[in-house]
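Since the structure comes first, as structure tokens, the remarks are kept for the end.
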Amino acid sequence: MSVFNRTTRGKFIALVLVSTALVADSGCSAFETPKAQPCAWLDRSSEEADDPQRRTAVLVDRSSSARPDKTTGPTTRVPDWAATLMGVRELGLPRLEGGSVSAAGFDGTRATVDWEVDRVFVSPVKGNGKLREDRRAIRHGCLEKRLRQISAGAPGTSRTDVLGALAAAADQLGPGGGERRIVMATDGLANTGCADLRSAGFDGSTEIGAVVDRCRKAGELPDLTGVEVDFLGVGRAAQGKAPSSPQTAWLTALWTRLCRATGASDCRVAPARTRQAGRVGTAVKPEPGVSFPTVSERPAGRVTTIALPGSVLFATDQAELSPTARDTLDDAARRIRDLHPISVAVSGHTDSRGSEQRGKQLSLARAKAVRSALAQRGVDVHSTRGYSDERPSCTPEYRGGVPDYRAMACNRRVEIAVTVRR
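Position 358 of the sequence shown, counted from 1, bears residue number 1126 in my numbering, the numbering being contiguous throughout.
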């Protein structure tokens, strides 16, 4: 070997050693391959399947009412939208494979629905046994993580438009055959549009029918013909007082009726999973709240009147106490004892609809149910009466010929009159 060849080879080896040292010092490898991105599939469109036979749209309510605020205690149970969505069979990987999936958060209007997962084709998982399970577990984790990110996103408005979000989902799914499905996580507390619940009484099928008719006339019912719709978490807000069992049942019936009015092939409502609120992060702008009728107290001289809304205690047109009435009556009994009464009287009241006889019968039956419940809690009731609509608490019940369902709900109540010594 010549001197030239030995010198050239020596310089080459030295250059390689120096380069290797520099690369090592930088923390990289000269032979490093790009890191695997197991969740990258969520950012790919459906080019692999131009017209998948199964299309799923996922909607996450990220409005103010669906997230805890500064008044929410760290141990308070609040809805966990991501866990709720991932717990339903419709979003299981075996059901999604071979179809497309879209996901977005929503709040105030149809225009603010931004599809962060946009018609992604979910290719069938390959492999056998444990390998397939592991791959599906990775995909499951990716989808749950993305849904948590969507849920945590700040709302774009201070409103909640559930029907608008459903309309956006219908556009995303597109027309055509095959399976089309919308899975929506929401508290259902709309505060804008035809289904605005800020003046709702949350009691009675007549009011539900009026909301459906109003939405139909306003043209705000989306065309969901042939689409399966799942509502998850209706009535489960993160703020404010939770609805009673009858109020939750009313909300469930409302969204089921509205869903059916869209032509959907199936409409289902299921509860949400919850988590502890923990420490509240970035505050968001509060929205006009939807409030439920609650217990009120009115002192007047020696008499303090405790008003219990009918929708807190009873199902519509029923006199049997609801499952959630127990806590309300526990609180009422404690309050009565604190007042040291010399007499307690219970009276039932209805609104102006229906016959006077029927109103008095229902009111008396409800008053007797409350009397029995108070007796079980050590409170003696001296008199029980049933009235129709002759003693309204809220007027008028009609404004320009249009029913005021909030006022009507206010008049459907049981009152406990507590008389004390001077």
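Built from N, CA and C at the ideal position, the CB exists for glycine as well.
The structure presented is a predicted model; accordingly, all values stated were derived computationally and were not measured.
With respect to LEU931, GLY977 sits apart: the two C-beta atoms are not nearer than 9 angstroms. Where ALA1075 is concerned, there is no enclosing alpha helix (DSSP H), although the beta strand (DSSP E) around it starts and stops at 1071 to 1077.
DSSP places THR1062 in the coil class of the three-state scheme, outside both helix and strand. Counting every other CB atom within 10 Å of its CB across the protein chains shown gives THR1163 a total below 16, marking it as exposed. Its Cα nearest to that of ALA825, the residue ARG949 stands out among GLU1055, THR974 and ARG949. Counting along the chain, GLU975 sits inside the alpha helix (DSSP H) bounded by residues 973 to 986.
When only Cα atoms are considered, VAL1147 and ARG984 end up about 49 angstroms apart. DSSP places TRP883 in the uninterrupted beta strand (DSSP E) bounded by 882 to 889.
Under DSSP, CYS1035 shares a beta bridge with VAL997. Annotation for PRO847: the continuous beta strand (DSSP E) segment containing it runs 845 to 847. Taking C-beta atoms under 8 angstroms as the contact rule, ASP875 and SER831 qualify, at a distance of about 4 angstroms. The segment 1061 to 1071 makes no contact with the segment 1020 to 1030; the number of CB pairs closer than 8 angstroms stays below 3. Residue environment for GLU1055: buried (at least 16 other C-beta atoms within 10 angstroms of its C-beta). Excluding its 5 nearest sequence neighbours in each direction, GLY909 has no C-beta neighbour in its own chain below 7 angstroms. Remark: C-beta atoms of VAL869 and VAL890 approach each other more closely than 9 angstroms.
Looking at the backbone, the Cα of SER1115 and that of ALA1083 are separated by about 18 angstroms. Within the same chain, Cβ atoms closer than 7 angstroms to the Cβ of VAL1037 are found at PHE999, VAL1002, THR1020, TRP1023 and THR1024, the five residues on either side in sequence being excluded. For VAL828 and ALA850, the gap between their C-alpha atoms comes out near 8 angstroms.
Just so you know, the alpha carbons of ARG823 and ALA871 end up roughly 11 angstroms apart. Three or more Cβ pairs closer than 8 angstroms define a contact, and the segment 1123 to 1134 meets that threshold against the segment 1085 to 1101. Where GLN917 is concerned, the enclosing alpha helix (DSSP H) starts and stops at 897 to 920. About 6 angstroms separates the Cβ atoms of LEU853 and VAL951, confirming a contact at the 8 angstroms cut-off. Looking only at VAL1188, ARG914 and GLY946, the smallest Cα-Cα distance to LEU1107 is reached by VAL1188.
GLN940 is the residue among GLY1168, ARG900 and GLN940 whose C-alpha sits nearest the C-alpha of ALA879. Our two residues, VAL1182 and ALA1006, have alpha carbons roughly 28 angstroms apart in a direct line. Taking the CA atoms as reference points, GLN1044 sits about 10 angstroms from PRO836. Of the residues assessed, GLN805 falls on the exposed side of the cut-off, its CB having fewer than 16 other CB atoms within 10 angstroms.
Comparing C-alpha distances from PRO1171 to each of GLU884, THR925, ALA968 and VAL1138 shows the shortest one belongs to ALA968.
For ALA1040, same chain residues with a beta-carbon under 6 angstroms away, outside a window of 5 residues either side, are PRO847, THR852, LEU1000, GLY1001 and ARG1004 in chain order. For LYS1053, same chain residues with a beta-carbon under 6 angstroms away, outside a window of 5 residues either side, are SER926 in chain order.
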